[in-house]
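Report on the following structure.
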Amino acid sequence: MSKIKVAIIGPGNIGTDLMIKVIRLAKNLEMCAMVGIDPNSDGLARAQRMGYVTTHKGIDGLLNLPEWKDIKIIFDATSAKAHAYNWGVVQQYPDKRIIDLTPAAIGPFLVPPVNFDATHNVKNVNMVTCGGQATIPMVAAVNRVAKVHYGEIVASIASKSAGPGTRANIDEFTETTAHAIEQVGGAEKGKAIIILNPAEPPVIMRDTVFTLSEQADKAAIVDSVHKMVSQVQQYVPGYTLHQEIQFDDIPEDKPVFIEGLGKRYGLKTTILLQVEGAGHYLPAYAGNLDIMTSAAMATADQFAQESLLTT
Amino acid sequence: MHQLYIQDVTLRDGMHPIQHQYTKQQVKEIAVALDNAKVDAIEVAHGDGITGGSFNYGFGAHTDWEWLEGVADLLTHAKLTTLLIPGIGTIDDLKRARDLGVVSVRVATHCTEADISAQHIEAARNMGMDVSGFLMMAHMNDPKPLAQQAQLMEEYGAACVYVTDSAGALLMDGVRDRIRAFKEILKPETEIGIHCHHNLSLGVANTIVAMQEGATRLDASLGGMGAGAGNCPLEVLIAVLNKMGAQHNSDLFQLMDIADDVIRPLQHRPVQVDRETLSLGYAGVYSSFLLHSERAAEKYGLDTRDILNELGQRNMVGGQEDMIIDVALDMKGKAQK
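From first to last, the protein sequence lines are chains A and B.
Count the first sequence with this note's numbering and you get residues 2 to 312, in order.
Count the second sequence with this note's numbering and you get residues 8 to 344, in order.
In structure tokens:
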């Protein structure tokens, strides 16, 4: 069966891990080109050694490669600023789609098990943030049982897994994740917190999801969350519920005061997660990076399957 | 010697012991009383900094904006300040605080993660604010590497960098060595600050040691009103500074009166060194974990001290309050087996 050719822009840790996932795991994708801007980049050298086409002249270099015409999906693992430029180029080619792993969020947010179907014909999708990929499925799992007033997530990651891009733009994480908790997770109001823990050996990514929803059948929430966890596990096997789901009733006479919502009551649900990476190129503790590359790869693979079916 | 700059944290760190429940009126009254007593700066925010209100840290009785609104107009001497923890609050939040009259901010990170404060410190500087770096859990980093983190904050534009003993775990030599390391590599015009917790009853002693080594910005709170066993108690610090003949602006008797007449009656849980708060300092745990751990102990039938020790063992850093539930559930699970 033929496969869809892909290019990866950004030969850093994320781009390299993504390349390895495409090579090892993708059913419908064929790794084709790695694109960078530094001729001395380790990631470009690695891709070249492995037999893939490379260019150090960015997206413009990619356009001049003979392989360009066959490439249908482009992963962008650069920066928000670079993505704006790359998208400006790619959108001139109606047969190509771009999957954005930067915080640019020019295209709609995509969290595969939640809103994949809504992005069928969208040419530019954004993968939110690592914390968003890990937690928004849980907010959505509660929201499909009981209307979520407020969704709050706390992502704890190993300091070593936070690259310079994340560190220089920590507000982009909190703001983008909070928006996606609302837009994709379905919460009326979202809040995101990120903590860097420098412990050695490095700590595996942990995520905690708190929701305040309407009162609901707790067993139905448990069931919905478990189903969603197995869906995420299909592309991130190390995604697990670390503890049983915790419930607390917030009674009407003792409401909580939430900025932007005012006094609210209902059912508080606490979901404690662990995200262990597959250890492809990045170490296993960096589940935060793994869930981004895994979600992007799963998305592309699904896009490819659909386009193979329709052509 | 530099004139000392006394910053009160009763209305920020002091939020923790009352679960962030000050009324707007209380904030105004306490701020005015502190201003009358000529404290140099008054910090107002949720205990975990602006927009800290959350399930994880506790929702406040008000938003930060409600607490801050109108306070600046009441002050005649003191600067209105706030705290921002990157990863929780954002630059947009800081702008909002600035628009409410906040002229000074501390940007706080864990003691090894100074580089996540670059954009916030620069933004504060560009807004014309007085900005300091605040290196939390300072006992978890050695003096030299801690000073290198301080140097990063200085490069980003901080006019002052604090040794922040969030766990109240530093002994006097530990404070001395850290301030000396700061002195060695920071520019002479960069000020050094000290923020202590009283978990090992060293809040005042550690503050004085820091001052003797060259720290000029000293944090304290009325009656120690702050997380854990509280901060360096402000009125005690001023009494000691008076006896030492150190130069400062604050009035001792007024501060004694506010501490005893206004602040202590607000405390549901006494702010003192006891079995639980001593355990924070002994295990090196973030002082704000206290009430969350006490609640988890009650809910899951565990001992608070055991939870705190386990949190220390696991090297939890400030802000990981969610892991208290995780630790409690692990311990409960073990106990049932």
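Backbone N, C-alpha and C fix where the C-beta goes; we use that ideal spot for every residue, glycine too.
Sub-8 angstroms separation of residue i and residue j beta-carbons
| i | j | result |
| --- | --- | --- |
| Val46/B | Arg19/B | no |
| Ile10/A | Ile60/A | yes |
| Ile251/A | Leu309/A | no |
| Ile201/B | Ala188/B | no |
| Met293/A | Met128/A | yes |
| Ser294/B | Asn213/B | no |
| Gly288/A | Met206/A | yes |
| Glu301/B | Glu317/B | no |
| Cys33/A | Ile72/A | yes |
| Val114/B | Thr88/B | no |
| Met160/B | Gly175/B | no |
| Ile199/B | Cys239/B | no |
| Glu176/A | Thr70/B | no |
| His125/A | Ile99/A | A quick correction: the sequence has Asn, not His, at residue 125/A. In contact: Asn125/A and Ile99/A (Cβ atoms closer than 8 angstroms). |
| Gly56/B | Met22/B | no |
| Arg145/A | Ile123/B | no |
| Leu81/B | Asp42/B | yes |
| Ala156/A | Ile195/A | yes |
| Val140/A | Ala106/A | no |
| Ala78/A | Gly16/A | yes |
| Leu101/B | Ala157/B | no |
Cutoff 7 angstroms; reference residue i; Cβ partners in own chain excluding five residues on either side
| i | result |
| --- | --- |
| Leu262/B | Ala44, Leu229, Leu241, Glu242 and Ile245 |
| His117/B | Met143, Met144, Val324 and Gly325 |
| Val223/A | Ile246 |
| Asn29/A | Lys4, Ile5, Asp302, Ala305, Gln306 and Leu309 |
| Pro12/A | Met35, Gly37, Ser42, Gly44, Leu45 and Ala48 |
Residue i in three-state terms, based on DSSP
| i | result |
| --- | --- |
| Ala140/A | Per the sequence shown, the amino acid found at residue 140/A is Val instead of Ala. Three-state result, Val140/A: helix. |
| Pro93/B | strand |
| Val7/A | strand |
| Leu193/B | coil |
| Ala40/B | helix |
| Met323/B | coil |
| Tyr169/B | strand |
| Lys28/A | coil |
| Gln275/A | strand |
| Arg187/B | helix |
| Ala156/A | strand |
| Tyr94/A | coil |
| His202/B | strand |
| Lys344/B | coil |
Partner residues on chain A for residue i, Cβ-Cβ distance less than 8 angstroms
| i | result |
| --- | --- |
| Asp184/B | Those do not exist, as Asp184/B stays about 20 angstroms from chain A at its closest Cβ, beyond 8 angstroms. |
| Gln327/B | Val155, Ser157, Ile196 and Asn198 |
| Gly60/B | Phe258, Ile259 and Glu260 |
| His63/B | At residue 63/B the sequence reads Asn, which differs from the His that was named. Within 8 angstroms Cβ-Cβ: Glu153, Val155, Ile194, Thr209 and Phe211. |
Own chain partners of residue i with C-beta closer than 6 angstroms, once the 5 adjacent residues on each side are dropped
| i | result |
| --- | --- |
| Thr136/A | Ile154, Asp208 and Val210 |
| Ser286/B | Arg312 and Leu315 |
| Gly65/B | Gln26 and His27 |
| Gln232/A | Pro114 |
| Glu129/B | Tyr163 and Gly164 |
Residues that residue i contacts on chain B, provided the C-beta gap is smaller than 7 angstroms
| i | result |
| --- | --- |
| Val226/A | By Cβ distance, chain B contributes nothing, its closest Cβ being about 16 angstroms from Val226/A, past 7 angstroms. |
| Ala147/A | Chain B residues near Ala147/A: none, gap ~16 angstroms exceeds 7 angstroms. |
| Arg168/A | Asp122 and Ile123 |
| Thr120/A | Near Thr120/A there are no residues of chain B at all, since even the closest Cβ is about 28 angstroms away, more than 7 angstroms. |
| Thr209/A | Asp329 |
Contact set between residue i and chain A, taken where Cβ atoms lie within less than 9 angstroms
| i | result |
| --- | --- |
| His117/B | Ser160, Ile196, Leu197, Asn198 and Pro199 |
| Ala68/B | Phe258 |
| Gln126/B | Ala169, Asn170, Ile171 and Asp172 |
| Val170/B | Neighbours of Val170/B on chain A: none; closest Cβ ~17 angstroms, over 9 angstroms. |
Partners in chain B for residue i, counting only beta-carbon separations shorter than 9 angstroms
| i | result |
| --- | --- |
| Glu176/A | Thr97 and Asp99 |
| Phe248/A | Those within 9 angstroms of Phe248/A in chain B number zero; the least Cβ separation is about 12 angstroms. |
| Leu273/A | Asp329, Met330, Ile332, Asp333 and Leu336 |
Min CB distance residue i to chain C below 8 angstroms
| i | result |
| --- | --- |
| Ser295/B | Checking the listed chains, one finds no chain C in this structure; the protein chains it contains are A and B. |
7 angstroms Cβ cut-off: residues of chain A touching residue i
| i | result |
| --- | --- |
| Pro93/B | Ile171 |
| Asn133/B | The premise fails here: Asn133/B is roughly 15 angstroms from chain A at the closest Cβ pair, so nothing lies under 7 angstroms. |
| Leu336/B | Gln244 |
Residue i Cβ short of 7 angstroms to the ligand MG heavy atom set
| i | result |
| --- | --- |
| Gln327/B | The ligand MG is not part of the structure shown, which contains no ligands of any sort. |
Contacts of residue i in chain B (Cβ-Cβ under 8 angstroms)
| i | result |
| --- | --- |
| Lys124/A | Simply none; closest approach about 30 angstroms. |
Residue ranges of each beta strand (DSSP E) within the region 215-300 of chain B, 3 or longer:
Here the runs fully enclosed are 224-227.
Within the region 161-236 of chain A, note down every full beta strand (DSSP E) run reaching 3 residues or more, in order along the chain.
With a minimum length of 3 residues, the continuous beta strand (DSSP E) runs that stay inside the region 161-236 of chain A are 190-198 and 206-214.
What are the start and end residues of each continuous beta strand (DSSP E) run of 3 or more residues lying completely inside the region 96-141 of chain B, in chain order?
DSSP runs (the beta strand (DSSP E)) wholly in the region 96-141 of chain B: 111-117.
Runs of alpha helix (DSSP H) lying entirely within the region 101-151 of chain A, each at least 4 residues, in chain order
Counting only unbroken stretches of 4 or more residues, the alpha helix (DSSP H) elements lying wholly within the region 101-151 of chain A are 113-116 and 131-144, in sequence order.
Only counting runs of 4 or more residues, tell me where the alpha helix (DSSP H) segments fall wholly within the region 18-90 of chain B, in order along the chain.
Listed in chain order, they are 31-43, 71-75 and 78-81.
Residue ranges of each beta strand (DSSP E) run of no fewer than 3 residues wholly in the region 38-71 of chain A, ordered along the chain?
Listed in chain order, they are 54-56.
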